[in-house]
Amino acid sequence: EEAASSPAFEFAAGVVGKRKRPGMAREPGGLNHGDTPDDCVDRMCCFTPRGSRRFHQVGNFTVLHESSTATGERKLLCVVGPHWRFMIFVTTSIFLAVLSLGGAFLVWSSHVAIIVVFFVLVTAALTALYCTACSDPGILQRRRDDPTNDQESQGHWVWSDQAETFRPENARYDYQGDAVIEGFDHVCPWTGTAIGKKNICCFRWFTFLVRSPQPNLSTSAILAPLAFWGGCCQATSSLE
Numbered sequence: 086e087e088a089a090s091s092p093a094f095e096f097a098a099g100v101v102g103k104r105k106r107p108g109m110a111r112e113p114g115g116l117n118h119g120d121t122p123d124d125c126v127d128r129m130c131c132f133t134p135r136g137s138r139r140f141h142q143v144g145n146f147t148v149l150h151e152s153s154t155a156t157g158e159r160k161l162l163c164v165v166g167p168h169w170r171f172m173i174f175v176t177t178s179i180f181l182a183v184l185s186l187g188g189a190f191l192v193w194s195s196h197v198a199i200i201v202v203f204f205v206l207v208t209a210a211l212t213a214l215y216c217t218a219c220s221d222p223g224i225l226q227r228r229r230d231d232p233t234n235d236q237e238s239q240g241h242w243v244w245s246d247q248a249e250t251f252r253p254e255n256a257r258y259d260y261q262g263d264a265v266i267e268g269f270d271h272v273c274p275w276t277g278t279a280i281g282k283k284n285i286c287c288f289r290w291f292t293f294l295v296r297s298p299q300p301n302l303s304t305s306a307i308l309a310p311l312a313f314w315g316g317c318c319q320a321t322s323s324l325e
């Protein structure tokens with residue numbers, strides 16, 4: 086009976102009709118967020134030919150895979166943020182371009198050990214990118230009752246009007262993701278998602294890997310066309 090009377094598990098996503106950030110007008114109450122495709126890419130990737138969604142949403146996050154426990158608690162195993170198109174078509178394209186141009190330049194002019202290190206670093210950075218982009222940033226469960234006095238709760242909880250939920254002090258409502266995220270830091274369009282408690286470790290590895298070989302990657306990307314041009318000139322001279 087207690088299990089039957091307990092409220093269903095739901096994530097703390099934004100509520101339609103609430104002001105999303107200071108100075109923003111309230112949304113009209115009849116909007117169907119996520120029920121229609123935003124563009125042709127969204128239609129092709131997220132909707133079936135009949136017009137129904139392939140994946141459900143939590144706010145502006147698209148859930149690709151999730152699991153549930155015996156108690157009904159839902160765990161987001163694979164979820165992408167509101168800027169997933171930018172991450173796929175821009176960030177990933179830059180990585181592939183650097184990998185191709187830099188790798189071609191290194192094959193022409195570097196020792197095999199340097200080539201191996203280059204490909205390992207770029208692959209590791211690309212892995213960290215997708216681990217960040219596809220991880221749950223820390224979207225919280227909606228709590229309509231103040232849990233401050235609960236024995237399991239720690240710290241002070243405050244009310245979030247945008248999502249109509251109580252949240253811990255270290256959580257924030259992300260208006261771009263339209264959800265309350267624990268340990269919210271910022272929204273990174275390069276990774277396509279919000280950075281919070283659960284994916285900030287992967288994000289730090291991503292930024293570290295991008296910054297550490299950055300001079301080599303940038304130099305490779307710039308010098309690769311020159312290397313090809315020089316090789317072509319050398320081949321033409323030898324033919325003459």
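First residue of the sequence shown? That's 86 in this note's numbering, and the numbers climb one at a time after it. Think of the CB as a built atom: it goes at the ideal place given N, C-alpha and C, for glycine as much as any other residue.
Cβ-Cβ separation, residue j to residue i (assumed contact under 8 Å), whole Å
i: residue 290; j: residue 213; result: 4 Å
i: residue 278; j: residue 165; result: 6 Å
i: residue 261; j: residue 97; result: Actually they do not touch by this definition, with Cβ atoms about 15 Å apart.
i: residue 81; j: residue 149; result: With the chain covering 86 to 325 only, the question about residue 81 has no answer from this structure.
i: residue 141; j: residue 274; result: At roughly 23 Å, the Cβ-Cβ gap does not stay under 8 Å, so residue 141 and residue 274 are not in contact.
i: residue 254; j: residue 240; result: 6 Å
i: residue 232; j: residue 244; result: With a Cβ gap of about 12 Å, residue 232 and residue 244 do not count as contacting.
i: residue 44; j: residue 145; result: Residue 44 is absent from the model: the chain starts at 86 and stops at 325.
i: residue 251; j: residue 228; result: 5 Å
Secondary structure of residue i, DSSP reduced to three states
i: residue 194; result: helix
i: residue 252; result: strand
i: residue 275; result: coil
i: residue 215; result: helix
i: residue 156; result: coil
i: residue 181; result: helix
i: residue 209; result: helix
i: residue 330; result: Coverage of the chain is limited to positions 86 through 325, which leaves residue 330 absent and any answer about it impossible.
i: residue 97; result: coil
i: residue 203; result: helix
i: residue 149; result: strand
i: residue 257; result: strand
Nonlocal neighbours in the same chain, by C-beta distance under 8 Å from residue i, ignoring five residues either side
i: residue 100; result: 247, 248 and 249
i: residue 294; result: 206, 209, 210 and 213
i: residue 230; result: 251
i: residue 173; result: 277
i: residue 178; result: none
Residues near residue i by beta carbon distance below 7 Å, same chain, minus five either side
i: residue 222; result: 266, 278, 279, 280, 281, 283 and 284
i: residue 158; result: 94
i: residue 220; result: 283, 284 and 287
Of the residues the options, the one placed nearest residue i, counting alpha carbons only
i: residue 224; options: 274, 186 and 258; result: 258
i: residue 276; options: 158, 171, 147 and 263; result: 171
i: residue 208; options: 228, 195, 183 and 194; result: 183
i: residue 180; options: 256, 230 and 205; result: 205
i: residue 151; options: 186, 161, 175 and 188; result: 161
i: residue 153; options: 93, 139 and 228; result: 93
i: residue 143; options: 156, 157, 219 and 95; result: 95
i: residue 287; options: 251, 228 and 216; result: 216
i: residue 176; options: 188, 158 and 218; result: 218
Sequence-distant residues of its chain with Cβ nearer than 6 Å to residue i (five each side left out)
i: residue 200; result: 191
i: residue 272; result: 261 and 279
i: residue 147; result: 140 and 165
i: residue 188; result: none
i: residue 298; result: Caution is warranted here: a pLDDT of 49 is assigned to residue 298, below 50, making its placement in the model unreliable, and no coordinate value can be reported.
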